[in-house]
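Trainee:
Numbering (mature numbering (1 follows the signal peptide of the UniProt record, and there is no 0)), first residue to last: -26 to -1, 1 to 330.
1) State buried or exposed for residue 5, treating a residue as buried only when at least 16 other CB atoms are found within 10 Å of its CB.
2) Flag this pair as touching only if the segment 187 to 204 and the segment 218 to 237 have three or more C-beta atom pairs under 8 Å; answer yes or no.
3) Quick check: what's the CA-CA separation for residue 168 versus residue 291?
4) Could you tell me the distance, in whole angstroms, from the CA atom of residue 94 to the CA atom of residue 80?
5) Inspect the CB distances between the segment 55 to 69 and the segment 120 to 130 and report whether three or more fall short of 8 Å.
6) Using the Cα positions of residue 323 and residue 313, report the straight-line distance between them to the nearest angstrom.
7) How close, in whole Å, do the beta carbons of residue 211 and residue 173 come, if the pair is a contact with beta carbons under 8 Å?
8) Take residue 39 as the anchor and find which of 116, 84 and 62 has the nearest alpha-carbon.
9) Which residues share a DSSP beta bridge with residue 281?
10) For a quick check, are the C-beta atoms of residue 279 and residue 288 less than 7 Å apart?
11) When DSSP labels each residue in this structure, what does residue 4 get in the three-state scheme?
12) For residue 179, which option in 238, 206 and 34 has the closest C-alpha, if you only look at C-alpha atoms?
13) Tell me whether the beta-carbon of residue 46 lies closer than 7 Å to the beta-carbon of residue 11.
14) Are the beta-carbon atoms belonging to residue 106 and residue 317 less than 7 Å from one another?
15) In terms of residue numbering, what span does the beta strand (DSSP E) encompassing residue 94 cover?
16) Residue 298: buried (16+ other C-beta within 10 angstroms of its C-beta) or exposed?
17) Give me the residue from 35, 32, 83 and 44 with the minimum Cα distance to residue 21.
18) With 16 other CB atoms within 10 Å as the buried threshold, where does residue 201 fall?
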């Protein structure tokens, strides 16, 4: 394979400095126009030899490297870059501990992974489990994965993650435990979740799939005092096409703070919804976790979906957000994750095959 290293012109650097990130329009996989997500100039201009990049970071006294897996036509990438990565204090802290490398998940550039093996960039993204964009993976010495974040991460949450990494809390505590404790002071967890019994099966829940089921399983994890959960119920779940898709799953709602109830999991074991959320390591509410007919986890959406290109909450039913949710449901219903583990590549192929 021949290596192609993208260059950055002096003009582009100047534009990135003057206009924190470029705002050119690009077309997403669903054909909608989105603001183009451009890597900021402080990302390392890597030669795409990640083994060498990691060694450089360690030699400089840093903990390792952070890989940003994204694509230009990605509204959640744009939100992360223009909001969270526009916070100077967060960027300074990040760069003090990690070199930051940006990778385009649709690219045919040649890269060398942390073991020195050659891949196309798009295949390396699959190898590293970057199913959705953006995905942030923090690699420590010997390329061990310290933290994996999927989707848009708000500045306050990202600051907590940096605390976790800077203090090496990962050596004794999971990220979910740390984040839950750190955010508990601003949360009440009072009340109950909004039940939609016309769409989701009521308790008690027996999700045992040791004998294969006829349909895939969707588990919607929510929590009380969750504005994002409320927005999901108010904006997307009432849409008839979304309800029709969810109707093709065995679908249940769970309160991820519920320590009293007991349910049977797909593997036949029993525990509370809170214990299951802990075992899954869920970081976000609402979270959608999909299982196949045999009970194996297929896909999870553990990130904020209902935001605009700049990370602001969206309270209206917009075509873009509905399409984003529908595409993820379709990805599971059509078993697209088996054919193509990288969601953007699958979605691009589906759109290319659709009649115009």
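Quick reminder that beta carbons are idealized off the backbone N, C-alpha and C, glycines included.
Since this is a predicted model, take the numbers as computed values, not measurements.
Mentor: Reading off the structure:
1) By one-based count along the chain shown, residue 5 stands at place 31. Residue placement at residue 5 cannot be trusted, given a pLDDT of 49 that sits under 50; the coordinates are not used to answer.
2) yes
3) Within the chain shown, numbered from 1, the residue matching residue 168 stands at position 194. Within the chain shown, numbered from 1, the residue matching residue 291 stands at position 317. So the alpha carbons of these two residues sit roughly 18 Å apart.
4) For the purposes of this step, residue 94 is identified with residue 120 of the chain shown, where counting begins at 1. For the purposes of this step, residue 80 is identified with residue 106 of the chain shown, where counting begins at 1. For residue 94 and residue 80, the distance between alpha carbons rounds to 9 Å.
5) yes
6) What you label residue 323 is simply residue 349 of the chain shown in a count that begins at 1. What you label residue 313 is simply residue 339 of the chain shown in a count that begins at 1. The straight-line gap from Cα to Cα measures roughly 11 Å.
7) Stepping through the chain shown from its first residue, residue 211 is reached at position 237. Stepping through the chain shown from its first residue, residue 173 is reached at position 199. The Cβ separation is near 7 Å, so the contact holds.
8) Taking the first residue of the chain shown as position 1, residue 39 is located at position 65. Selected option, being the one with the closest Cα: 116.
9) Against the chain shown, residue 281 aligns to sequence position 307. Its beta-bridge partners are 287.
10) Here residue 279 refers to the residue found at position 305 when the chain shown is read from its first residue. Here residue 288 refers to the residue found at position 314 when the chain shown is read from its first residue. Result no, Cβ atoms of residue 279 and residue 288 do not sit closer than 7 Å.
11) As a working mapping, residue 4 is identified with position 30 in the chain shown. Only weak support is given to the placement of residue 4: the predicted model assigns it a pLDDT of 49, under 50, and the question is left unresolved by the model.
12) By 1-based counting over the chain shown, the position of residue 179 is 205. Minimum Cα distance to residue 179 is reached at 238.
13) Taking the first residue of the chain shown as 1, we reach residue 46 at position 72. Taking the first residue of the chain shown as 1, we reach residue 11 at position 37. Contact flag set, yes.
14) Residue numbering aside, residue 106 sits at position 132 when the chain shown is read from its first letter. Residue numbering aside, residue 317 sits at position 343 when the chain shown is read from its first letter. Yes.
15) Here residue 94 refers to the residue found at position 120 of the chain shown. Here the beta strand (DSSP E) through residue 94 covers 92 to 94.
16) For the purposes of this step, residue 298 is taken as the residue at position 324 of the chain shown. By the 10 Å Cβ count, residue 298 comes out buried.
17) Mapped onto the chain shown, residue 21 falls at position 47. Here the closest residue by C-alpha is 83.
18) Numbered from 1 along the chain shown, position 227 holds the residue referred to as residue 201. Exposed.
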